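Heads up: the structure comes next, in structure tokens.
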Amino acid sequence: MTFSTELWDAGATKVYDEIVRHPFITGLTEGTLDHDAFRYFIVQDSHYLRAYSRALALVAARAVDQDAVSMFARHAANAIEVERELHSSLLGSLGLTSADVDATGSGPTTTAYMSYLTATCATGTYAEAVAAVLPCYWIYREVGRELLKRSSPDPVYAQWIAAYGSEEFDAVVESVLAVTDRLGAEVGPGERDRCHRHFSTTTRYEWMFWDAAYRKLDWPI
């Protein structure tokens with residue numbers, strides 16, 4: 001069994017099934033999702049991608065070979081470009097501006113997810129950092145594949161689905177999975193347990209991110 005499969009089996013199988021059944025996802029494909037919920041998602045994803053880019057830069061700094069350094073640094077830069085390009089076009093379609101994103105700020109789930117990623121990538125081992133950032137790659141790839149099968153009658157939702165279900169994104173995920181699997185032989189029992197825990201935690205945050213958008217979760221006070 002590869003290290004990536006080990007991580008998935010230990011922490012993602014049940015959560016992924018819950019994600020694809022979530023009313024946010026089914027609402028996307030049916031075209032019935034409240035546009036306010038999607039606006040919430042895009043705004044929060046903008047904040048998240050900025051933090052994810054920094055987390056990937058931390059992973060790059062911890063990488064033990066030059067190919068991985070280059071890959072994660074490139075992905076860190078690409079995360080910012082995705083935030084700028086994809087979200088810029090979607091923001092206009094949803095009647096939002098970049099100023100609206102900045103004024104809204106990050107919600108409770110977004111803040112918690114960003115903080116967990118940053119702390120793990122800054123203080124954990126290289127393998128722990130990779131395990132923590134991997135669900136965002138992998139879950140989105142798998143969700144994207146499922147969404148592509150269904151697409152959406154809503155043109156805005158269809159645009160977002162097409163971006164995350166692309167062949168280019170699939171290749172990016174495969175490259176990260178390959179790095180993860182090469183790490184497997186070098187990770188001892190204690191570190192392995194921590195990797196499992198980080199992967200499981202950020203996988204749960206992926207579900208929570210969709211759920212927060214569906215409920216338009218705000219700070220209680």
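Residue numbers are given in full-length UniProt numbering: position 122 of the sequence shown equals residue 122, and the series is strictly consecutive. All residues carry an ideal CB built from backbone N, CA and C; glycine is no exception. None of the values given here were measured: they were computed from a predicted structure.
Can you name the start and end residues of the alpha helix (DSSP H) that residue i belongs to?
i	result
Gly27	23–30
Pro135	126–150
Trp207	189–215
Val179	167–183
Thr104	98–104
Val59	35–62
Ala122	108–123
Leu7	3–11
Distance check for residue j and residue i, CA to CA, integer angstroms please.
i	j	result
Arg50	Val59	15 Å
Ala103	Asp211	22 Å
Ser53	Arg39	21 Å
Asp193	Asp67	26 Å
Trp8	Val69	24 Å
Arg215	Pro189	39 Å
Ser88	Val101	11 Å
Gly31	Glu186	46 Å
Ser4	Leu177	6 Å
Thr2	Asp45	30 Å
Arg150	Ala37	20 Å
Leu217	Gly105	12 Å
Hey, would you say residue i sits closer than 8 Å to residue j, going by beta carbons?
i	j	result
residue 236	Leu96	Here the chain comprises residues numbered 1 to 221, so residue 236 is not present and cannot be evaluated.
Glu206	Ile139	yes
Val173	Tyr137	yes
Thr120	Ala132	yes
Glu128	Glu191	yes
His47	Thr110	yes
Leu56	Phe72	yes
Ala163	Phe24	no
Quiz item: Just checking, does the segment 209–221 make contact with the segment 147–160 on the three C-beta pairs under 8 Å criterion?
Solution: no
Practice problem: Would you check if there are 3 or more beta carbon pairs closer than 8 Å linking the segment 142–150 to the segment 176–189? | Solution: Here the segment 142–150 makes no contact with the segment 176–189; the two share fewer than three CB pairs at distances below 8 Å.
Quiz item: Is it a yes or a no for the segment 194–209 touching the segment 3–12, going by three-plus beta-carbon pairs under 8 Å?
Solution: yes
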